[in-house]
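There are 2 protein chains.
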Amino acid sequence: MSLYGAIEAGGSKFVCAVGTGPEDLRAQARFPTTTPHETLGKCIEFFRAQPKLDALGVGCFGPIELGRGSPRYGYVTATPKAGWTDADVVGPLQQALGVPVGFDTDVNAAVLGEARWGAAQGLETAIYVTIGTGIGGGALLGGRLAHGLVHPEMGHLLLPREPDDLDFAGHCPFHAARCWEGVASGPAMERRWGRRPETLPANHPAWDLEARYIASALTTLVLVLSPERLILGGGVMQVEQLFPLVRKYLRSSLAGYVQADAVNSGMAEYVVPPQLGQRAGIAGALALAERAAREPPAPHP
Amino acid sequence: MSLYGAIEAGGSKFVCAVGTGPEDLRAQARFPTTTPHETLGKCIEFFRAQPKLDALGVGCFGPIELGRGSPRYGYVTATPKAGWTDADVVGPLQQALGVPVGFDTDVNAAVLGEARWGAAQGLETAIYVTIGTGIGGGALLGGRLAHGLVHPEMGHLLLPREPDDLDFAGHCPFHAARCWEGVASGPAMERRWGRRPETLPANHPAWDLEARYIASALTTLVLVLSPERLILGGGVMQVEQLFPLVRKYLRSSLAGYVQADAVNSGMAEYVVPPQLGQRAGIAGALALAERAAREPPAPHP
Numbered sequence: 000m001s002l003y004g005a006i007e008a009g010g011s012k013f014v015c016a017v018g019t020g021p022e023d024l025r026a027q028a029r030f031p032t033t034t035p036h037e038t039l040g041k042c043i044e045f046f047r048a049q050p051k052l053d054a055l056g057v058g059c060f061g062p063i064e065l066g067r068g069s070p071r072y073g074y075v076t077a078t079p080k081a082g083w084t085d086a087d088v089v090g091p092l093q094q095a096l097g098v099p100v101g102f103d104t105d106v107n108a109a110v111l112g113e114a115r116w117g118a119a120q121g122l123e124t125a126i127y128v129t130i131g132t133g134i135g136g137g138a139l140l141g142g143r144l145a146h147g148l149v150h151p152e153m154g155h156l157l158l159p160r161e162p163d164d165l166d167f168a169g170h171c172p173f174h175a176a177r178c179w180e181g182v183a184s185g186p187a188m189e190r191r192w193g194r195r196p197e198t199l200p201a202n203h204p205a206w207d208l209e210a211r212y213i214a215s216a217l218t219t220l221v222l223v224l225s226p227e228r229l230i231l232g233g234g235v236m237q238v239e240q241l242f243p244l245v246r247k248y249l250r251s252s253l254a255g256y257v258q259a260d261a262v263n264s265g266m267a268e269y270v271v272p273p274q275l276g277q278r279a280g281i282a283g284a285l286a287l288a289e290r291a292a293r294e295p296p297a298p299h300p
Numbered sequence: 000m001s002l003y004g005a006i007e008a009g010g011s012k013f014v015c016a017v018g019t020g021p022e023d024l025r026a027q028a029r030f031p032t033t034t035p036h037e038t039l040g041k042c043i044e045f046f047r048a049q050p051k052l053d054a055l056g057v058g059c060f061g062p063i064e065l066g067r068g069s070p071r072y073g074y075v076t077a078t079p080k081a082g083w084t085d086a087d088v089v090g091p092l093q094q095a096l097g098v099p100v101g102f103d104t105d106v107n108a109a110v111l112g113e114a115r116w117g118a119a120q121g122l123e124t125a126i127y128v129t130i131g132t133g134i135g136g137g138a139l140l141g142g143r144l145a146h147g148l149v150h151p152e153m154g155h156l157l158l159p160r161e162p163d164d165l166d167f168a169g170h171c172p173f174h175a176a177r178c179w180e181g182v183a184s185g186p187a188m189e190r191r192w193g194r195r196p197e198t199l200p201a202n203h204p205a206w207d208l209e210a211r212y213i214a215s216a217l218t219t220l221v222l223v224l225s226p227e228r229l230i231l232g233g234g235v236m237q238v239e240q241l242f243p244l245v246r247k248y249l250r251s252s253l254a255g256y257v258q259a260d261a262v263n264s265g266m267a268e269y270v271v272p273p274q275l276g277q278r279a280g281i282a283g284a285l286a287l288a289e290r291a292a293r294e295p296p297a298p299h300p
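Those protein sequences? They're chains S and Z, same order as listed. Using numbering that gives the first Met the number 0, the first residue of the first sequence is number 0, and each one after it goes up by one. Using numbering that gives the first Met the number 0, the first residue of the second sequence is number 0, and each one after it goes up by one.
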C-alpha cells in the first residue's frame, strides 16, 4: 500500500494529511496561510515527521501555472492573495521532500477525488462546482483534468439575467452582474438580500432565484462539456432545498434539447452533492499524489 | 503514404473524398442527403471505385452516438432530419469497405483537421465554432476530442441579453432568445433585421450587436475550457468586419480576468478564421481516418 501526502492549499489555510486514501488518513494538520515561506515551511516540517511518502499531491487556490513547459510550472500566479503572487509552491516541496508532486487547482483536485473514491467513480467526464464565497469548477474530461491556455475559471461564465432580478448591481469585481459568481455566490446573495444566506429561511424567494441562476450555469456547462455527472459542493449548496430546485430548473432550462436519460428521467443521479463531503479537498490531493506516483515527475527548471 | 477516405456528412449533402491530406485530394464527389440507404450506398460505390483505403473518416451532422460501448455507436440519433433518426452510419460503411472507420461530429472533425494541418497545429486545446444556419462547436481538449454524456452542443450555451436587443423574441425552438443560436445564428439575424445577413451593409448596427453576442459566448468558452485558440468559421463569419469587432468585445468582456498574453496583447492570433477554409470539413474527416488507422477499430456489435 503506497503512502501519500496531501495538501489542500487554500487562501486562508493549508490542510495537510498523510494516508492511503480518504478512509485511511493517518495524520492531519492545518496551518494558516501566511507567507509562502512560512506556510510551505510548516507543511514540510509536518511531512518530514511522517513515514516516507511515495508522492505528494497539492490541490491549490489559484490562478496557478500548469504548463509543464513553463519555467513557472507549479507557481501560484496573479492571485489577489497578498504575498502569493508568483509564489513557487511545487519547487520547495519537491526539493525538501524528494518525492513526485502532483499539482492542480483545488477544484480539479476535488473532481479527481470524487472520480477516485466518490460520486464520479467510473466516469470519464464529470464536473465539480463549489458555490460559496466564490464559485469555481473543475472538470475531468475524457479521464484528464481540464487544462488549456491556463485552467478553467467556470465560476465566471456569463448568464442571462433573471427577469425579477434586473436591478441587482452584481458582486463580481470583473463582470459585475454578468457572470455566475456576480449573481449567485454567497457574498452576492448577502449583498442582494442584506443578510447572510445561511440566515435566510427555507421559504425565502432568495432560494428560488439562486436555483434558477445555478440551473442556467449548469445548462451552459452541460451544453459545452457534456458531463456524465455534475457534483455541487460549497457552503451555499449545504442548504437542503436547493438540490431539488436546481434539478427542476435545469430540466426546464435544457428544454428537452439534450436527448439523454440522465438529464431527463435521471436528474436525481445527475446533479448530486460530493460523496466525500468535507474530505473532498484532501481526497483530491491524495488522488493527485497517486497520479504523480504513476507518472514521471514534472520537470522543474 | 497512407490513403484515406473522408466523408463530410451534412444534412443537405454528403461530400466524399480520397487523399493523403487536404493538399492531396485525389478524387471527390458529392451526393444529396436523401435516405440513409441511398446516400450511404452512393458513398460506398464511390469509395469502391478508388484504390484500397487504409481507413475512412466521417464528420457527421448530429446528434450522434459516440459511446464505444453503446449498441448504437456510430448512429445518427434524435435528428430532426427526416429518415435519419436512429440511422446507422458507421456499420454499413465498415461492412462494405472493410476498413477502420473514424467517426465524430462535423465540428469535432473540423477542429481536429485544423489541429493536424491548419490554425491549431501544435495545440492541445482548441475550439472550432461554426456560425451560420446554426451554431455549433467542436473542441480538442488535452489532445482528445470532446465527448461525454453525448457530445458538446455549445451553440446552445446561454447568454446575457444585450440591453439594446431586449425586444427580440429569439429564433431557437428550444431556448428562444436565451441561447447563442437563438440570438446570433444567420436565421436569427434575418428574423431580427428582416433581411438576410449577407445583404446588410458593413456599417449596419446588426454587426456590432452580432459581435457582442459572439464575444459573450466566447467569454464563456474561454472561462469554461481555457482554449489555446478559438477558430471561427461558417457563413456569418465570412463578413470581414466581424473578426476585429469580436476580438475587441471579447477583450472587454473578459475584463482582464484571465491573465494570459494570448487574450490580452495577442488577441489577433487567438481568435482566427479556419486556415483550411472550405476544406476544413473534409480535412477533418481525413484526420479522423488517420486516427482510426492508428487505433483499433471501434467495436460494432
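Ideal Cβ placement from N, Cα and C applies to all residues, glycine included.
Original post:
Quick one: which chain Z residues come within Cβ less than 7 Å of T219 of chain S?
Top reply: L156, L157, T219
**OP:** Using 10 angstroms around the beta-carbon of P93 of chain S, count the other beta-carbons present and answer buried if the total reaches 16, otherwise exposed.
**Re:** According to the sequence displayed, residue 93 of chain S carries Gln and not Pro. Q93 of chain S counts as buried, since at least 16 other C-beta atoms from the protein chains shown sit within 10 angstroms of its C-beta.
Subject >> Contact set for A168 of chain Z: own chain, Cβ-Cβ below 7 Å, skip 5 residues either direction >> reply: A175, A176
**OP:** Pull out every residue of the stretch 221-239 of chain Z whose Cβ sits closer than 8 Å to any Cβ of chain S, in chain order.
**Re:** V221, L222, V223, L224, S225, P226, E227
Original post:
What are the start and end residues of each continuous beta strand (DSSP E) run of 3 or more residues lying completely inside the stretch 227-268 of chain Z, in chain order?
Top reply: The stretch 227-268 of chain Z contains these whole beta strand (DSSP E) runs: 228-232.
**OP:** Would you decide whether M236 of chain S is buried or exposed? Buried here means 16 or more other CB atoms lie within 10 Å of its CB.
**Re:** buried
Subject >> When S:L65, S:A114, S:V128 are compared against D103 of chain S, the one with the closest alpha-carbon >> reply: S:L65
**OP:** Return the CA-CA distance between P31 of chain Z and T38 of chain Z, expressed in angstroms with no decimal places.
**Re:** Each residue's Cα considered, the two are about 7 Å apart.
**OP:** Inspect the CB distances between the stretch 3-19 of chain S and the stretch 277-286 of chain S and report whether three or more fall short of 8 Å.
**Re:** yes
Subject >> Range of the contiguous beta strand (DSSP E) that encloses K41 of chain Z >> reply: Annotation: K41 of chain Z is outside any beta strand (DSSP E); the continuous alpha helix (DSSP H) that includes it extends over 35-47.
Original post:
Between which two residues does the alpha helix (DSSP H) containing Y212 of chain Z stretch?
Top reply: Per DSSP, Y212 of chain Z belongs to the alpha helix (DSSP H) from 204-224.
Original post:
By the criterion of Cβ-Cβ separation under 7 Å, what are the contact partners of G147 of chain S in chain Z?
Top reply: T124, L224, S225, P226, E227
Original post:
Any Cβ of chain S within less than 9 Å of the Cβ of E189 of chain Z?
Top reply: At a cut-off of 9 Å, the C-beta of E189 of chain Z has no neighbouring C-beta in chain S.
Subject >> A261 of chain S at chain Z interface by Cβ criterion, 9 Å >> reply: Closer than 9 Å: yes.
**OP:** Name, going along the chain, the residues of the stretch 159-185 of chain Z whose beta-carbon falls closer than 7 Å to a beta-carbon of chain S.
**Re:** P159, R160, F173, H174, R177
**OP:** Classify M153 of chain Z as buried or exposed, calling it buried when 16 or more other Cβ atoms lie within 10 Å of its own Cβ.
**Re:** buried
Original post:
Which residues of chain Z have a Cβ atom closer than 8 Å to the Cβ of P79 of chain S, listed in chain order?
Top reply: Neighbours of P79 of chain S on chain Z: none; closest Cβ ~11 Å, over 8 Å.
**OP:** Identify each residue in the stretch 11-23 of chain S for which the Cβ-Cβ distance to at least one residue of chain Z is less than 7 Å, and report them in chain order.
**Re:** Residues of the stretch 11-23 of chain S with a Cβ closer than 7 Å to any Cβ of chain Z: none.
**OP:** Please name the residues in the stretch 47-77 of chain Z whose beta-carbon is closer than 9 Å to at least one beta-carbon of chain S, in chain order.
**Re:** P62, T76, A77
**OP:** Have a look at H299 of chain Z and D166 of chain Z and give me their C-alpha separation to the nearest angstrom.
**Re:** Unreliable positioning characterises H299 of chain Z in this predicted model, as indicated by a pLDDT of 47, which lies under 50. A coordinate reading is not provided.
Original post:
Between V100 of chain Z and Y74 of chain Z, what straight-line distance do the alpha-carbon atoms span, to the nearest angstrom?
Top reply: 13 Å
**OP:** Ignore the nearest five residues each way along the sequence and tell me which others in L24 of chain S's own chain have a CB closer than 6 Å to its CB.
**Re:** A16, G18
Original post:
At least one CB of chain S closer than 9 Å to the CB of H299 of chain Z: is that the case?
Top reply: Only weak support exists for where H299 of chain Z lies, its pLDDT of 47 falling under 50; the coordinates are left without a value.
**OP:** Count the CB pairs spanning the stretch 205-215 of chain S and the stretch 120-136 of chain Z that are closer than 8 Å, and state whether there are at least three.
**Re:** no
Original post:
So, do the stretch 114-122 of chain Z and the stretch 77-92 of chain Z have three or more beta carbon pairs nearer to each other than 8 Å?
Top reply: Not touching, per the Cβ criterion.
Original post:
Secondary structure at A54 of chain S, three-state DSSP: helix, strand or coil?
Top reply: strand
**OP:** Rounded to whole angstroms, what's the CA-CA distance from L249 of chain Z to F46 of chain S? Just pull it up for me.
**Re:** A straight-line Cα-Cα distance of about 45 Å links L249 of chain Z and F46 of chain S.
Original post:
alpha helix (DSSP H) containing D105 of chain Z: first to last residue?
Top reply: Counting along the chain, the alpha helix (DSSP H) containing D105 of chain Z begins and ends at 105-116.
Original post:
Closest Cβ-Cβ distance between V271 of chain S and chain Z: below 9 Å?
Top reply: no
**OP:** With 9 Å as the C-beta to C-beta threshold (strictly closer), list the residues of the stretch 247-261 of chain S near chain Z in chain order.
**Re:** S252, L253, A254, G255, Y256, V257, Q258, A259, A261
**OP:** Determine the direct distance from the alpha carbon of A125 of chain Z to that of R278 of chain Z, and round the result to whole angstroms.
**Re:** Rounded to the nearest angstrom, the two C-alpha atoms are 18 Å apart.
Subject >> Cross-strand partners of G135 of chain Z (DSSP beta bridge) >> reply: According to DSSP, which records beta bridges pairwise, G135 of chain Z is partnered with Z:T129.
Original post:
Along chain Z, in chain order, which residues have C-beta atoms closer than 9 Å to that of R143 of chain S?
Top reply: L140, G141, G142, R143
Original post:
Just how far apart, CA to CA, sit F13 of chain S and E44 of chain S?
Top reply: 13 Å
Original post:
Do L139 of chain S and L96 of chain S have their C-beta atoms closer together than 9 Å?
Top reply: no
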